[in-house]
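Asks: The sequence shown begins at 7 in the working numbering and counts up by one.
A virtual CB, placed ideally from N, CA and C, is assigned to each residue, including glycine.
Pasting a structure here, questions to come.
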Amino acid sequence: MQLERVSGVMLRIELTMRALIKASPPEQFKSIPTIFEHYFPRTCPHPELSVFGATGLQGSAVVDALLKDGTFTPRAITRNPDSETSLKLKERGVQVVKADSGDKASLVSALQGSEAVFGVTVPILPAIRASGPNELTQGKNMVDASKEAGVKFFIFSSLPSLIKLSGGKYTNVSSYEDKDAIEEYLRASGIANASLLLGTFLENFWTHGNLKKTSTGFHISAPGNYSLSSLFTWVQHDVSESVLALLKSYTDRTKNISGKSYPVLTALYAAHSEYNGIFTAEQVRNPHLVTLGAKFGSMEEFMEVEIKKRFGQ
Numbered sequence: 007m008q009l010e011r012v013s014g015v016m017l018r019i020e021l022t023m024r025a026l027i028k029a030s031p032p033e034q035f036k037s038i039p040t041i042f043e044h045y046f047p048r049t050c051p052h053p054e055l056s057v058f059g060a061t062g063l064q065g066s067a068v069v070d071a072l073l074k075d076g077t078f079t080p081r082a083i084t085r086n087p088d089s090e091t092s093l094k095l096k097e098r099g100v101q102v103v104k105a106d107s108g109d110k111a112s113l114v115s116a117l118q119g120s121e122a123v124f125g126v127t128v129p130i131l132p133a134i135r136a137s138g139p140n141e142l143t144q145g146k147n148m149v150d151a152s153k154e155a156g157v158k159f160f161i162f163s164s165l166p167s168l169i170k171l172s173g174g175k176y177t178n179v180s181s182y183e184d185k186d187a188i189e190e191y192l193r194a195s196g197i198a199n200a201s202l203l204l205g206t207f208l209e210n211f212w213t214h215g216n217l218k219k220t221s222t223g224f225h226i227s228a229p230g231n232y233s234l235s236s237l238f239t240w241v242q243h244d245v246s247e248s249v250l251a252l253l254k255s256y257t258d259r260t261k262n263i264s265g266k267s268y269p270v271l272t273a274l275y276a277a278h279s280e281y282n283g284i285f286t287a288e289q290v291r292n293p294h295l296v297t298l299g300a301k302f303g304s305m306e307e308f309m310e311v312e313i314k315k316r317f318g319q
């Protein structure tokens, strides 16, 4: 397996203003910042971000970043507020609220007072999908509940449709298709939103035991075609950077993020350029994202920060 020398996420951002435009007289649009202040007010010094998956890898990265930065207050949404991980969050001063993504009413209650949401959905095995709630239901419930609770901004951890990417060649990867469908549903909801499209998690090297030290070096054990490049995301570093940058920028028109996509992996572009022209080449690190505060880590940085301390020199 070839490790690319970059890691990161793709950002897709949409500040949805369609309903606002229909409802407002033309003269109200002479001062766009005023419009944002009216519809996206910061009503408290530390507005709350409700975090789904706060006990998992992505959500915990977001919680850690919020606690360190101090601009936003994290609220952890979980099915089990008494789990060991939930109790550790409480010890750190995080509000932990019980809700189930399969139960929209519980979500509406849990999200009350939140300015923004970070949403993560859990893939459901095909054998279970037919008989119970699926990932698409989870995502739609999160979006609908956010809208009912008055959430102003929704950040979703998404994936691209492999049907679209492959021109219809790969049709049975349900977790990708569900996330893409949720993203489309979110974009049509009227809530200002952004989506993060992640690669394989670099943290899987130790959480799944993929990387092992040997007498001659390192051995990576993972399924896949080893002749192809692999695309990775350093979740603890890059997801936290992305979410913070989005939260601090989504109401600021001068930062010009509305409607933008940022494919930050050159390898992602090269790997998929043959499919429908979906991705365009971008510089790594993307200068606009750096300006916003999202400075994605490199593979070299990951090796220094994470691998050396776990596997030695």
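1. Residues bridged to V125 by DSSP?
2. So, at 6 Å on beta carbons, what are the nonlocal neighbours of G145 in its own chain, with the 5 sequence-adjacent residues on each side left out?
3. What is the DSSP secondary structure of I226, reduced to helix, strand or coil?
4. Comparing alpha-carbon positions, which option in A151, L168, S167 and P166 lies nearest F160?
5. Applying the criterion that 16 or more other CB atoms from any shown protein chain within 10 Å of the CB defines a buried residue, is H243 buried or exposed?
6. Quick check on DSSP: helix, strand or coil for F179?
7. Can you tell me the Cβ-Cβ gap for A82 and S92, rounded? I've got them flagged as a contact below 8 Å.
8. Taking DSSP's pairing of strands, which residues face A111 in a bridge?
9. L55 to K254, Cα distance in whole Å?
10. Are the stretch 199-216 and the stretch 162-172 touching by the rule of at least three beta carbon pairs closer than 8 Å?
11. Going by the C-beta, is N199 closer than 7 Å to any heavy atom of the ligand MN?
12. So, helix, strand or coil for V102, using DSSP?
13. Please state whether DSSP places F78 in a helix, a strand or coil.
14. Excluding five sequence neighbours on each side, which residues of the same chain lie with their C-beta closer than 6 Å to the C-beta of V179?
15. Rank G125, E307, G99 and N140 by C-alpha distance to the C-alpha of L73 and give the top, closest one.
16. In the DSSP assignment, what are the bridge partners of S56?
17. With a threshold of 16 other CB atoms inside 10 Å of the CB of F224, please say whether the residue is buried or exposed.
18. To the nearest angstrom, how far is it from the Cα of N140 to the Cα of D109?
19. Between which two residues does the beta strand (DSSP E) harbouring L217 extend?
20. For V311, count neighbouring C-beta atoms within 10 Å of its own C-beta (all shown protein chains included) and say buried if the count is 16 or more, exposed if not.
21. Where T143 and L237 are concerned, what is the direct C-alpha to C-alpha distance, given to the nearest angstrom?
22. If we count the other Cβ atoms within 10 Å of its Cβ and call it buried at 16 or more, is D258 buried or exposed?
23. My output table needs one value for T143: the three-state DSSP class, helix, strand or coil.
24. Less than 8 Å between the CB atoms is what I'm expecting for A122 and K153, so what's the real figure, rounded?
25. At which residues does the alpha helix (DSSP H) containing H214 begin and terminate?
26. Hey, would you say T84 sits closer than 8 Å to H52, going by beta carbons?
27. Should M305 be flagged as near chain D, meaning a C-beta pair shorter than 8 Å?
28. Pull up the DSSP beta-bridge partners for S248, would you.
29. When the Cα atoms are used, what is the spatial distance from S227 to L217?
30. Helix, strand or coil, according to DSSP, for E310 in the structure here?
31. Got a sec? Which residues, its chain only, sit under 6 Å from D184 by beta carbon, not counting five neighbours each side?
Replies: The relevant details are as follows:
1. First, the amino acid is wrong: residue 125 is Gly here, not Val. The partner list for G125 (beta bridge, DSSP) reads F162.
2. Result list for G145: T127 and I188, in chain order.
3. The answer is strand: DSSP assigns I226 an E or B state.
4. The closest CA to that of F160, considering only A151, L168, S167 and P166, is found on A151.
5. Classification for H243: buried.
6. Phe is not the amino acid found at residue 179; the sequence shown has Val there. Coil at V179, not helix or strand.
7. Confirmed, about 7 Å.
8. DSSP output for A111 lists no bridge partner at all.
9. Cα to Cα, L55 sits roughly 12 Å from K254.
10. The answer is yes - the stretch 162-172 touches the stretch 199-216, with three or more Cβ pairs under 8 Å.
11. By its list of ligands, the structure shown contains no ligand whatsoever, and the ligand MN lies outside what it can speak to.
12. Annotated three-state conformation of V102 is strand, per DSSP.
13. F78 carries a coil assignment under DSSP once its states are collapsed to helix, strand and coil.
14. Cβ neighbours of V179 beyond the five flanking positions: L168.
15. Of the candidates G125, E307, G99 and N140, G99 places its Cα closest to the Cα of L73.
16. Per DSSP, R81 and V123.
17. Under a 10 Å Cβ-count criterion, F224 is classified as exposed, with fewer than 16 other Cβ atoms of the shown protein chains found around its own Cβ.
18. Cα atoms of N140 and D109: separation of roughly 12 Å, rounded to the nearest angstrom.
19. According to the DSSP assignment, L217 belongs to the beta strand (DSSP E) that extends over L217 to K219.
20. Counting C-beta atoms within 10 angstroms of its own C-beta, V311 has fewer than 16 neighbours from the protein chains shown and is therefore classed as exposed.
21. The straight-line gap from Cα to Cα measures roughly 28 Å.
22. Classification for D258: exposed.
23. Three-state DSSP puts T143 in a helix.
24. With a beta-carbon spacing of about 13 Å, A122 and K153 fall beyond the 8 Å limit used to define contacts.
25. The continuous stretches of alpha helix (DSSP H) do not include H214, and DSSP gives it neither H nor E.
26. At the C-beta level, T84 and H52 stay beyond 8 Å of one another.
27. Of the protein chains in this structure there is only one, and it is not chain D.
28. Paired residue(s): none; S248 is not in a bridge.
29. Each residue's CA atom was taken as its position, placing S227 and L217 some 6 Å apart.
30. The answer is helix: DSSP assigns E310 an H, G or I state.
31. Within the same chain, D184 has close Cβ partners E141 and L142.
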